[in-house]
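Enquirer:
Residue numbers (this note's numbering): 286 to 1034.
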């Protein structure tokens, strides 16, 4: 029967359709649902019944008939019994063949939307999940293919997600063959619509496993994996973890389109049929699609990567890394009209690229870049979309407008995009350093990202214009100022070693300009986080406030008490936040060594964060930094500075009297308001020093230490797991090498 009718798909329209229906009903009534026969029947007889049912069930009419006869519940019960025996007591060939046939039947049932609830109601999905641990590849693939079809429906997906499944899927993605990985990635993509699955991916440390799949060259595996990342990175911690593991650079590398990618035409249905008939191993997955199909699949993959980056850049640190990794250039190239075929796919890709760019534009520090990209009318539409709009349809008007532009305008946009390419050969060199990027400007000059000639490390270099009036009216005064600054920075360079304080490496003079080479901090100033949160209408959590403020206290204690240094210009723009809000205090251009029992009498620094004694031109010391820290703490709580006025006299009066709006009640604990009030004590003598401020936070600091200790232990455990996994990998590799050597030696004889 199986040989004669192996290619038949529509038994209900066959000339012998009545006979086939009688056979089917007899098999279901007198065999499958007949408990007495099932109990006593030899294994080979039941296998033959299943083979016949598998062939007949390909007819959609027979699928409904199986349900009406109660066959699905009985089949699910029998599959559970066979699966338990197979998984617990070892492989027996008839059981393997039975499971392959039964998983195929459930795959055919699950392929039809309104039949999936029958499968779930029978409980078959639980057995199918258990069979993902099967050692036989055909059983494993049969179960996986059936589950993929089930997961297409939200109700079924929810039921599957209630089971413990993610850890097993991650093992498959990490250790199994390519086909298993490809199908499992698609299954996990569907499941990640459920919040509990996304949480399991996080708890099972799935991010590094998923990112390892991005090294594949197969478009469908990449596409499924990227869409998993899109869904899991909605969680802020997972989003940050993706960046830490290098996921942003991997996504941008895919977008660059420099990799040679492959694809195939296989579907779940074709794979299921091949698996059930034992042809899965000889099925050519590399059945070459046409160039148009490859291109269409590539566009879909690039759109997925744009979607992932869109979600990731909601985290300010991630957005900064996208820009630093030349992401604006890489993504902007995708908006340009493409004269190839697949116009619909190209337009959709353009929408996804525009959305990623618009999310990046929402960060204030990036906006100057975009002003260089688009003509004014297009830029106006770009702005009018608004910040953080996810609906992809909102970007269609941009794509339509762009695609209707004249050739010369499009050429100009293309040239504008090339102008923001950070990988262009450096056009400027200063000393032994190649200038790579202008990072920003301050009161005394500009800051650049640089690389030393013949070096790999990126550094920051501050260029200070010595003709600034602040350095003196004539050459003699300027020379004296420069000498003092160089002397001061030399001491700082040699003495400052703290994780929350920037490292200085070198100072030199060239063409009437002073250059200060320092550590490049990968992150964003705290001030830009304030702007970003205001635009998103969000607030800092109290835990995050203390996490940042404690690091600020640690840095100031080190500077004040161990190194006798006052920063003197502590502002949100001089506090950099890196990965996981790691704080680094920067810009000691106005700092000065504090001598024992001396007070500093010069009026410098940013007035908004200046203490009363500075405003009154009185001597001041380390407590000026404590006042500034209080201002920063207040701004973290309210997103506004405590003292502000466009009138300088009014501003000075507010500062001297410490007159500020209290933090709104109910936002944070009393400890936040009390710490702010203590730091903003107008009388310098009564104002606490940094150690006294820290003593106010003893319970918060103990929690901070607990988190650090827990994190340290988790990292040690993770390192130990990775070490054991690596050792196991090398042991297996060595065993395989020895086995191969013996086989090669035997064959050569």
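Ideal placement from N, C-alpha and C gives every residue a C-beta, glycine not left out.
Taking three-plus beta-carbon pairs below 8 Å as touching, is the region 585 to 605 in contact with the region 534 to 551?
Expert: Result yes; three or more Cβ-Cβ pairs closer than 8 Å.
Enquirer: Identify which residue in 758, 787, 783, 791 has its Cα closest to the Cα of residue 770.
Expert: One-based indexing of the chain shown puts residue 770 at position 485. Among 758, 787, 783, 791, the Cα nearest to that of residue 770 belongs to 791.
Enquirer: Where residue 424 and residue 442 are concerned, what is the direct C-alpha to C-alpha distance, given to the nearest angstrom?
Expert: Counted from its first residue, the chain shown places residue 424 at position 139. Counted from its first residue, the chain shown places residue 442 at position 157. Residue 424 and residue 442: Cα-Cα distance of roughly 21 Å.
Enquirer: Do residue 855 and residue 786 come within 8 Å of each other at the CB atom, strictly closer than that value?
Expert: Reading the chain shown from its first residue, position 501 is the one you call residue 786. Reading the chain shown from its first residue, position 570 is the one you call residue 855. The answer is no: Cβ separation not under 8 Å.
Enquirer: What does the Cβ neighbour count give for residue 532, buried or exposed, with the cut at 16 atoms within 10 Å?
Expert: Looking up residue 532 in the chain shown gives position 247. The residue is buried, with at least 16 neighbouring Cβ atoms inside 10 Å.
Enquirer: Using only the alpha-carbon positions, how far apart do residue 893 and residue 630 sit?
Expert: Mapped onto the chain shown, residue 893 falls at position 608. Mapped onto the chain shown, residue 630 falls at position 345. Going from the Cα of residue 893 to the Cα of residue 630 covers about 51 Å.
Enquirer: Alpha carbon to alpha carbon, how far is residue 881 from residue 968?
Expert: For this step, residue 881 is matched to residue 596 along the chain shown. For this step, residue 968 is matched to residue 683 along the chain shown. Any reading at residue 881 needs caution, since the residue's pLDDT is 38, under 50, leaving its predicted position unreliable; the model's value is listed next. C-alpha separation (whole angstroms): 21 Å.
Enquirer: Could you give the uninterrupted runs of the alpha helix (DSSP H) lying entirely in the region 290 to 376, keeping only those of 4 residues or more?
Expert: Counting only runs of 4 or more, we get 302 to 312, 320 to 325, 328 to 341, 345 to 353, 356 to 374.
Enquirer: Report yes or no: do three or more beta-carbon pairs, one from the region 680 to 689 and one from the region 637 to 647, lie closer than 8 Å?
Expert: Flag = yes, the region 680 to 689 and the region 637 to 647 touch.
Enquirer: Just reading off the alpha helix (DSSP H) that residue 617 is part of, what are its end residues?
Expert: Looking up residue 617 in the chain shown gives position 332. Element bounds for residue 617: 612 to 617.
Enquirer: Let me confirm a value: residue 995 is counted as buried when at least 16 other C-beta atoms fall within 10 Å, else exposed. Which label applies?
Expert: By 1-based counting over the chain shown, the position of residue 995 is 710. Exposed: under 16 other Cβ atoms inside 10 Å.
Enquirer: Residues in its own chain within less than 8 Å of residue 943 by CB, not counting five upstream and five downstream?
Expert: Taking the first residue of the chain shown as position 1, residue 943 is located at position 658. Only 897, 965, 966, 967 meet the Cβ criterion.
Enquirer: Can you check which of these residues, 416, 551, 528, is closest to residue 606 by C-alpha distance?
Expert: In the chain shown, counting from the first residue as 1, residue 606 sits at position 321. Checked all of 416, 551, 528; the closest Cα to residue 606 is 528.
Enquirer: Would you grab the beta carbon distance between residue 616 and residue 641 for me? Rounded to a whole angstrom, and I think it's under 8 Å.
Expert: Within the chain shown, numbered from 1, the residue matching residue 616 stands at position 331. Within the chain shown, numbered from 1, the residue matching residue 641 stands at position 356. Yes, they are in contact, since the Cβ atoms of residue 616 and residue 641 sit about 5 Å apart, within 8 Å.
Enquirer: Using the rule of at least 16 other Cβ atoms within 10 Å of the residue's Cβ for burial, across every protein chain shown, is residue 292 buried or exposed?
Expert: Mapped onto the chain shown, residue 292 falls at position 7. Answer is exposed; the Cβ neighbour count stays below 16.
Enquirer: Buried or exposed: which applies to residue 405, given that a residue is buried once 16 or more other Cβ atoms fall within 10 Å of its Cβ?
Expert: In the chain shown, the residue the question calls residue 405 occupies position 120. The residue is buried, with at least 16 neighbouring Cβ atoms inside 10 Å.
Enquirer: Indicate whether the contact test is met: 3 or more Cβ pairs, each with one atom in the region 310 to 321 and one in the region 365 to 377, closer than 8 Å.
Expert: They do not touch, by the three-pair rule.
Enquirer: Would you decide whether residue 899 is buried or exposed? Buried here means 16 or more other CB atoms lie within 10 Å of its CB.
Expert: Counting from 1 along the chain shown, the entry for residue 899 is found at position 614. That one is buried.
Enquirer: For a test of the three-state rule: what should DSSP assign to residue 843, helix, strand or coil?
Expert: Residue 843 sits at position 558 when you count from the first residue of the chain shown. Of the three classes helix, strand and coil, the one that applies to residue 843 here is helix, per DSSP.
Enquirer: Looking at the structure shown, is residue 901 part of a helix, part of a strand, or coil, going by DSSP?
Expert: In the chain shown, residue 901 corresponds to position 616, counting from 1. Residue 901: coil per DSSP, three-state reduction.
Enquirer: Tell me residue 869's beta-bridge partners as DSSP assigns them.
Expert: Here the question's residue 869 lines up with position 584 in the chain shown. According to DSSP, which records beta bridges pairwise, residue 869 is partnered with 861.
Enquirer: In this structure, how does DSSP classify residue 1016 when only helix, strand and coil are distinguished?
Expert: By 1-based counting over the chain shown, the position of residue 1016 is 731. Three-state DSSP puts residue 1016 in a helix.
Enquirer: Roughly how far, in whole angstroms, is the beta-carbon of residue 416 from the beta-carbon of residue 449, given that I think they are within contact range, below 8 Å?
Expert: Reading the chain shown from its first residue, position 131 is the one you call residue 416. Reading the chain shown from its first residue, position 164 is the one you call residue 449. Not really, about 14 Å apart at Cβ, beyond 8 Å.
Enquirer: Determine the extent of the alpha helix (DSSP H) in which residue 539 is found, giving its start and end residues.
Expert: Residue 539 sits at position 254 when you count from the first residue of the chain shown. Per DSSP, residue 539 belongs to the alpha helix (DSSP H) from 532 to 540.
Enquirer: Please identify the residue among 482, 479, 495, 487 whose C-alpha is closest to the C-alpha of residue 467.
Expert: Position 182 of the chain shown, counted from the first residue, corresponds to residue 467. Checking every option, the nearest Cα to that of residue 467 belongs to 495.
Enquirer: Determine which residues share a DSSP beta bridge with residue 795 and list them.
Expert: The residue given as residue 795 occupies position 510 in the chain shown. Answer is 798.
Enquirer: Give me the Cβ distance between residue 394 and residue 414, rounded to the nearest whole Å; I'm assuming they're in contact under 8 Å.
Expert: For the purposes of this step, residue 394 is identified with residue 109 of the chain shown, where counting begins at 1. For the purposes of this step, residue 414 is identified with residue 129 of the chain shown, where counting begins at 1. With 8 Å as the limit, residue 394 and residue 414 do not qualify as a contact, their Cβ atoms being about 16 Å apart.
Enquirer: Could you check whether residue 840 and residue 783 sit closer than 8 Å to each other, using their CB atoms as the reference points?
Expert: The sequence position of residue 783 within the chain shown is 498, counting from 1. The sequence position of residue 840 within the chain shown is 555, counting from 1. Yes. Within cutoff.
Enquirer: So the candidates are 446, 695, 421, 481; which of them puts its Cα closest to the Cα of residue 462?
Expert: One-based indexing of the chain shown puts residue 462 at position 177. Nearest C-alpha to residue 462: 421.
Enquirer: Would you list, in sequence order, the uninterrupted alpha helix (DSSP H) runs of no fewer than 4 residues that lie entirely inside the region 913 to 957?
Expert: If we require 4 residues or more, the alpha helix (DSSP H) runs fully inside the region 913 to 957 come out as 933 to 942.
Enquirer: Which residues in the same chain have their Cβ closer than 8 Å to the Cβ of residue 516, if we skip the five residues on either side of it in sequence?
Expert: Mapped onto the chain shown, residue 516 falls at position 231. Closer than 8 Å at the Cβ level, and outside the excluded window around residue 516, lie 474, 477, 478, 483.
Enquirer: According to DSSP, simplified to helix, strand and coil, what is residue 810?
Expert: On the chain shown, residue 810 is found 525 positions in, with the first residue counted as 1. If DSSP states are grouped into helix, strand and coil, residue 810 belongs with the strands.
Enquirer: Near residue 567, what residues of its chain come up, given a Cβ to Cβ distance below 6 Å and the 5 sequence neighbours on each side ignored?
Expert: Here residue 567 refers to the residue found at position 282 of the chain shown. Residue placement at residue 567 is poorly supported in this model, since its pLDDT is 48, which falls under 50; the coordinates are not used for a value here.
Enquirer: Kindly indicate which residue of 402, 429, 354, 341 has the alpha-carbon position closest to the one of residue 384.
Expert: Position 99 of the chain shown, counting from 1, holds the residue named residue 384. Closest by alpha carbon: 429.
Enquirer: Across which residues does DSSP place residue 503 in a beta bridge pair?
Expert: The count along the chain shown starts at 1 and reaches residue 503 at position 218. For residue 503, which the question treats as bridged, DSSP gives the partners 547.
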